[in-house]
Every structure is written in structure tokens, then in C-alpha cells.
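In order, the protein sequence lines correspond to chains W and V. Sequential numbering of the first sequence, starting at -3, is according to this note's numbering. Sequential numbering of the second sequence, starting at 25, is according to this note's numbering. A quick write-up on the structure given underneath.
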Amino acid sequence: MADVTRPLSLAAHRDADEIDRRNLDWYIDKAVQVLVFIGGISAIVFVIGIFVFVTAEGLGFLVDAFDFGEFFGSPRWKPTSEYRTTYGILALIAGTASVTGLAMLVAIPFSLGAAIYIAEFATGKTRETLKVLVELLAAVPSVVWGFIGLVIMNPLIIETFDVPVGLSVLNAGIILGLMAAPIMTSIAEDSLKAVPDRYREAAEAMGATRCQLVFKVVLPAAKNGLLGAVLLGVGRGFGETMAVLMASGHSINLPDSIFDSVRALTATIAAELGETAVGSDHYQALFTIGIFLFVITFVINLTADLIVRGIRKG
Amino acid sequence: MVEALREIAIDADMPSRLAQVTEPAQAKLEVRNLSIAYGGTPALVGVNLEIQENEIFGIIGPANSGKTSFLKALNRMDMFNSDMQVSGEVFFNGRNVRQWRNVYALRSRIGVVFPLPVGLPMTVYDNVALAPRLSGITNKAELNEIVERCLSRAALWDEVKDRLNSLGSLLSGGQQQRLTIARALSQEPDLLMLDEFSIAVDPVTTMRIEDVLKELRKEMTIILVTNLTQQARRLADRTAFFLSGSCVEVGDTEALFTGQVEDTRTADYIAGRFG
């Protein structure tokens, strides 16, 4: 404390001035911080905002007319029945789940194979070209994929398997699988690239062949990222609307085989929301499906995220 | 076709062939006129030397003198690095390594320890069992035996025997380096190459590893690249001095360190006047 009373030297005066004055740099820094903060926080605001909106719209149905057993247990989705309206989404869940499941069967081998090739085997120009092409494929709009399902896959399936309708679980599953594969490839490749080269060197020096290196060392080391890639693909499958609407046949069915037409949760909302009176039971029931989808995709994405970050049990 | 089959038959016959050629007259490793370049820039020029069975062969020299490149050429780690051009000949057990058809078999006979410890992201047990598993051993009892033997020889068994199932990458730096040595030993190598193994290891662990190496010399040939000249003096039977991509001289370690050198640069480096 005694120091304070000591007379300040000239240099100390200059220092004090520097320390106390807020100059332009200081204000710019503050302003940028605030802007970036707003940008960052807006994501949270939007997510919460959407959730609140969807919940508010569906709330009336949830409170008044919601029958848990019927909603999740009945395959009858008859919101416009003259006789008795029923809101059962079991068939829709089955539709979404079967299409997504088949899509993953298609996408996982494709995307993991592509990722392993790009990350571990391809070199130089091949590698760069493939990476660009995969990114390009990921950018194809979903309506284009739906179009392919409708116009190319449909007659192909009818001819190949001799079935009456080609718009089915098979069609939508393949289309959705091909759609999800590029994104999964991209993420899986990133996680393979994140495996340090010294692991590869160590295994190579031990006499591991290329395949042993990939399957015994690199894949186990990258397994979290790969699992995350698969889960993001699943999330994509659940959320995809347009391509599934166009390729699945859009008829309410508990599918027995992959040649049955089905209807997806998302496609139902997209197709029916425009036809309903705002605030009606039907309208609110569609929003309840929205809440359900929101919760499911949220859980899937969260799980994927946690896995990618490597937070594991035990 | 018949030619190819005969070659395979010879390869399959390797162990017995190796047994025949381990006569004392034959050098374990013979390097003739070895040159290495990276994309046209020479890293090592015209190295000639011989390494005898069961000796510790030290290689000293400042950074960028080509020591690591030399090791890479011996087990053909250049194969996946199209940038690295190697010329000259390396005879391992009397056979030119450039002509080994199965480079993986060559590498599995040569253990390598890198400067920085590499604990692979798997359990301690799996780290050591990896090489035996790659070579096809699946018997649990046999693997247990190998893991315990290798970890004991690397002076690590007592510290990790109760946590063989924890991640190898979670061990301390010194422990990971001994794990790396245990892993190299699990290949049952003829030749062990250590590249500046003590760079990330504390002095106490370094001394322990040095004791391990003295034991191992009875069973295998060891090449020890080090930039601690005193480490070479403590361990190596003979030492080579590399400088700026050439091998200045090779000599009996004690002789080099007591001033009996052919080239004054060697004496200057050992005395610490440069490098």
C-alpha cells in the first residue's frame, strides 16, 4: 500500500495511461466477442424455440384426446374417418423403422468401405478426387433421390422381382441408404484420419499387412467415430422426408416383406399438414408426431455426439 | 509358374535356412553402398558396414545425419513411402532384403522401438499379444505365457501385472516405452532396432531399459541409435558415427571414446565440441 504514495516516474505515468485507457482495439474486441456470442447462442434459441412451438401446437391433442395405447399401439391412422377417427402411429413407426433399418444395411457397408479405401488405401489424386465426389454426392437434394426412386428404381424393382408395386420398403431403403452413405463416409473417413500415423508405423514395423493394420489397429482405434457416423446416418434416416415419401409408396401398412409399401412418420406430416384445419385434432395429432420425431432424432444425435466425443461407460 | 512356386517353397523354408547361415563368420547384417534420398534430396550416401550376431551396435550422430532413415531402409519401411528412394544392398542373415518377396515376414523378424513411446489404443495385454496374434497364435495359454515373458523381460511385468486390461495408452511415458519394447520382443526378433528410445523417458527408466538391453544382447542383435553419446559408450560394442548423411567411421566403442579415431570429426563430436 505504501507504494501507491510514492511519486510516479515519467515511465510509470505513461504505463498508467496505457493500462487505463480503452482504445479502439479494446472496443473492436468486445464487439466481436458479443457478435460471436449471439451467433453461438442463436442455435440454442432456435432449437428451444422450435421445440416450444411444436409442443405448443400439439399440446391440445396431448392433453384432451391423447390415448397412449392407441397412439403407439394401433396401426390405424384414420384422422379423416367419417365413422370414427383413430390416431395410431404404429404403422408409421414400422414404416420409418423398416426403411431406416434397410437403409443402414445398404449404407454401412458402402460408407465404411469407401471410408477405409479413401483413408487407408487411396493415394494422391485418386484420394482427392474421391473425397470431392463424396462431398458432391452428399449435396444432391433429397427430391432428386426421390425422383430416382420413383422413375428408375420403381420399374426396375417391378421387373427384377416380378412384384406389382415397386414403391416399397426396398425402394425407399435403397434410396435412403445411398443418400445417407456419403455423409457417413465423410464422417467415418475423418475418424480414420484422426488415428495417429505412429500407430500405423508401429503396426507396420511389427510386420502387419495392410489388412491386419486396418482391421486390428486402425478400426478399433477409430471405433467411436465410426459408431458416431452410423448413428448420424440413422438420424438422417429418421428425419428424411421427401425421398421416402416419393419412394416408399406412402400407404399405411405394417410391412410383412420388403416389397410392401409403407408410410413414414415424416412423410405423413409433410403430406397431410396442408390439408388440415389449423387447431383441429388432426392438426394437433400431426404435431404430436412432430414432438415424437423431435425427441427421437434428438436422442439419436445426442448419443452419436457423445460417442464421437468418446464418452463411454465404465 | 514353377519358378514362383519354388520361391515360395524357399520362403517357407526360411527358419531352417536361417539356422544354417548363423555361422560366426557371417555378419548378421551387411550393408553395402546404401544410399537414401527423399524426393531427390540425399539423406544418406554410400554407407558400408557390418553388424555381427549378438552385438550391440551403436549409431551416434547429430540430428539430420540419416540415422533414422538408415533404420527404415533395413526393415524396408520405405515401401509405403513413395517419396523415399533407397539404393544399395542390405543383407540380413545373408539375404538381400530388397529381394524378400514377403516384406511382412522380414519386418516381423526385426523389432523396432521408436523415439516416442507408442502405446497402441488397446489393453496392455493386447498390445503385447498383437504380434503373436498377427502371426496366427490363438491359444490363450500360449498368449498368456508370451505376454508375461515379454513384459518381464522389458522390466514392466511387476508394474502392470494387475492391470493388464487397462488401456496401454494410459500408462506413463516410461512405462509405455517399456511396453513398446515388450511388444517388439513379442515378435521374437533376430534383430532389435532402437531409435533414440530414451528421448521421452526419465533417467531412472532409461537405466532400467539399458539393463534390459544388456540382458537381451545374449539372445539377439541390437542396433542402438542414440544422440546420447555416453549411452552408446555404456552399451555398444562397436559404434558408428553418422554425420550429414554419411557414415564417418565405424569402430570399437571403447577405442572411439578413448581417442583412437581415424577422423577428427568423430573425436570432436564425442568430446562435445559440436552437435
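C-beta atoms are modelled at their ideal positions from N, C-alpha and C, and glycine is treated no differently. The structure presented is a predicted model; accordingly, all values stated were derived computationally and were not measured.
Beta bridge counterpart(s) of residue i as assigned by DSSP
| i | result |
| --- | --- |
| V/Y74 | Inspection of the sequence shows that residue 74 of chain V is occupied by Glu rather than by Tyr. Beta-bridge pairing links V/E74 to V/E54. |
| W/L302 | Paired residue(s): none; W/L302 is not in a bridge. |
| V/Q109 | V/A61 |
| V/R119 | V/F116 |
| V/V249 | V/I83, V/D219 |
| W/Y83 | W/W73 |
| V/E273 | V/F265 |
| V/V137 | V/L218 |
| V/L191 | V/T147 |
| V/L68 | V/I60 |
Where residue i falls, given that 16 or more other Cβ within 10 Å makes a residue buried
| i | result |
| --- | --- |
| W/P160 | exposed |
| V/V45 | With a pLDDT of only 47 at V/V45, under the threshold of 50, the placement of this residue in the model should not be trusted; the figure read from the coordinates follows. By the neighbour-count rule (16 or more Cβ atoms within 10 Å), V/V45 is not buried but exposed. |
| W/Y23 | exposed |
| V/S59 | buried |
| W/A110 | buried |
| W/T262 | buried |
| W/L298 | exposed |
| V/L252 | exposed |
| W/R18 | exposed |
| W/L241 | buried |
| W/P251 | buried |
| W/T122 | exposed |
| W/H9 | exposed |
| W/P178 | buried |
| V/V55 | buried |
| V/E220 | buried |
| W/T156 | exposed |
| W/E271 | exposed |
| W/I148 | exposed |
| V/G63 | exposed |
| V/V136 | buried |
| W/L88 | buried |
| V/T282 | exposed |
| W/R305 | exposed |
| V/I34 | Here V/I34 scores only 48 on pLDDT, less than 50, and its place in the model is too uncertain to base an answer on. |
| V/R125 | exposed |
Contact list for residue i against chain W, beta-carbon separation under 7 angstroms
| i | result |
| --- | --- |
| V/N99 | A201 |
| V/L280 | In chain order: nothing, as chain W lies at least about 29 angstroms away. |
Chain V contact residues for residue i, given Cβ-Cβ distances below 7 angstroms
| i | result |
| --- | --- |
| W/E236 | What W/E236 touches in chain V: nothing, since even the nearest Cβ is about 34 angstroms away. |
| W/Q208 | L158 |
Closest by C-alpha distance to residue i, when choosing among the options
| i | options | result |
| --- | --- | --- |
| V/Q200 | V/C271, V/E273, V/Q123, V/S222 | V/S222 |
| W/V213 | V/Q50, V/G283, V/W181, V/L144 | V/L144 |
| W/V130 | W/V139, W/I144, W/A115 | W/A115 |
| V/L140 | V/F104, V/G90, V/G197 | V/G197 |
| V/A67 | V/N105, V/Q109, V/L73 | V/Q109 |
| W/A273 | W/A217, W/T76, W/G224, W/L289 | W/T76 |
| W/V258 | W/F67, W/A52, W/P71 | W/P71 |
| W/N249 | W/G235, W/S94, W/R232 | W/S94 |
| V/R232 | V/L259, V/M244, V/T245, V/P213 | V/L259 |
| W/A266 | W/V147, W/F294, W/E236 | W/E236 |
| W/T181 | W/V226, W/G69, W/L269 | W/V226 |
| V/M217 | V/Q50, V/N99, V/N57 | V/N99 |
| V/L73 | V/T147, V/Q50, V/P86, V/T65 | V/Q50 |
| W/P192 | W/A217, W/V139, W/L172 | W/A217 |
| V/V148 | V/G82, V/L180, V/N117, V/R131 | V/L180 |
| W/H278 | W/T264, W/V291, W/F290, W/L289 | W/T264 |
| W/C207 | W/V32, W/Y113, W/I40, W/L6 | W/Y113 |
| W/M175 | W/I153, W/L146, W/A239 | W/A239 |
Beta-carbon neighbours of residue i, restricted to chain V and to distances below 9 angstroms
| i | result |
| --- | --- |
| W/A217 | L144, P145, M146 |
| W/R194 | F138, L140, V142 |
Contacts of residue i in chain W (Cβ-Cβ under 8 angstroms)
| i | result |
| --- | --- |
| V/S111 | Within 8 angstroms Cβ-Cβ: nothing; V/S111 doesn't reach chain W, min ~22 angstroms. |
| V/Q211 | M202, G203 |
| V/Y128 | G203, A204, T205 |
Within chain W, the residues that residue i reaches when beta carbons sit closer than 9 angstroms
| i | result |
| --- | --- |
| V/R131 | E200, A201, M202, G203, A204 |
Contact list for residue i against chain V, beta-carbon separation under 8 angstroms
| i | result |
| --- | --- |
| W/K212 | L154, R157, L158 |
| W/E197 | M101, F138, V142 |
Margin query: To test your reading of the DSSP string, which unbroken alpha helix (DSSP H) runs of 4 or more residues are found completely within the segment 243 to 268 of chain W?
Written below: Given a length threshold of 4 residues, each whole run of the alpha helix (DSSP H) inside the segment 243 to 268 of chain W is given here in chain order: 261 to 268.
Margin query: At 4 residues or longer, what runs of the alpha helix (DSSP H) sit wholly inside the segment -2 to 61 of chain W?
Written below: Residue ranges of uninterrupted alpha helix (DSSP H) with 4 or more members, entirely inside the segment -2 to 61 of chain W and ordered along the chain, are 6 to 16, 20 to 60.
Note to self: Quick check on the DSSP output: what are the complete alpha helix (DSSP H) runs of length 4 or more inside the segment 117 to 198 of chain W, in order along the chain?
What the structure shows: Runs of alpha helix (DSSP H) with 4 or more residues, each lying fully within the segment 117 to 198 of chain W, are found at 120 to 134, 138 to 144, 150 to 157, 165 to 189, listed in chain order.
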